[in-house]
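S.K.: Residues in the sequence shown are numbered from 5 upward in steps of one, following the working numbering. Cβ atoms here follow ideal geometry from the backbone N, Cα and C, with glycine treated the same way. Got a structure for you, written out below as structure tokens; questions coming shortly.
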Amino acid sequence: MDEGVRQRIYDYFAHKGMRRTVQRDAIIEAAFTTTEHYTAEELLEMAHKIERSVSRATVYRTLPLLVECGVLKELDFGKDHKFYDPNYIEHPGHNHLICTDCSRVVEFEDRNIDTLEDCISKRLGFTPTTKILRIEASCDELLRQGTCANRKV
């Protein structure tokens, strides 16, 4: 985990009057030792591998703080739960393609999309403050072969 990110989190917690705990350390470590998107429940499982005493409540209280701090991005992929993106700091302009067949999430960046979003916003008389692009698509592999390596049976 990047030490600058870790320090930013601890500074933010201190500003909020929160103390450093073994449980929060485990959650932070788990949250940023993966590049995959995860749910709160998946983060709980990852944190348990580091520290068994991490509670569900602590995970659910810590996640919004990491989002407020600006080191983690909360995402809505159209499911019944939120996902969290640990790649937000390194790639703040990345977008997501979600397979409607296998639920795989693919991150991508494209300078042309940024330009197009800016042009559309300006043409309509707006200045973008936040841009989120989510593409939902069907899996070509499943269509061609009748099966997909990423699909959970």
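1) DSSP has I139 in a bridge; who is on the other side?
2) CB A30 to CB E46, shorter than 7 Å?
3) Give the secondary structure of F17 by DSSP, where H, G and I count as helix, E and B as strand, and everything else as coil.
4) Could you tell me how far apart the beta carbons of L76 and D84 are, in whole angstroms, since I believe they sit closer than 8 Å?
5) Roughly how many whole angstroms lie between the Cα atoms of E111 and I117?
6) Of the residues M5, L48, D105, N99, which one's Cα is nearest the Cα of T38?
7) Applying the criterion that 16 or more other CB atoms from any shown protein chain within 10 Å of the CB defines a buried residue, is L128 buried or exposed?
8) Note down, in chain order, each residue of its chain lying with its Cβ closer than 8 Å to the Cβ of E121, except the 5 sequence neighbours on either side.
M.R.: According to the structure shown:
1) Its beta-bridge partners are L101.
2) At a Cβ-Cβ threshold of 7 Å, A30 and E46 do not count as neighbours.
3) The answer is helix: DSSP assigns F17 an H, G or I state.
4) Contact between L76 and D84 does not hold, since their C-beta atoms are separated by about 20 Å, which reaches or exceeds 8 Å.
5) Approximately 13 Å, taken between the alpha carbons.
6) If we check each option's Cα against that of T38, M5 comes out closest.
7) Exposed is the label assigned to L128, since fewer than 16 other Cβ atoms lie within 10 Å of its Cβ.
8) Once the five neighbours on either side are set aside, the close Cβ partners of E121 are P132, K135, L137.
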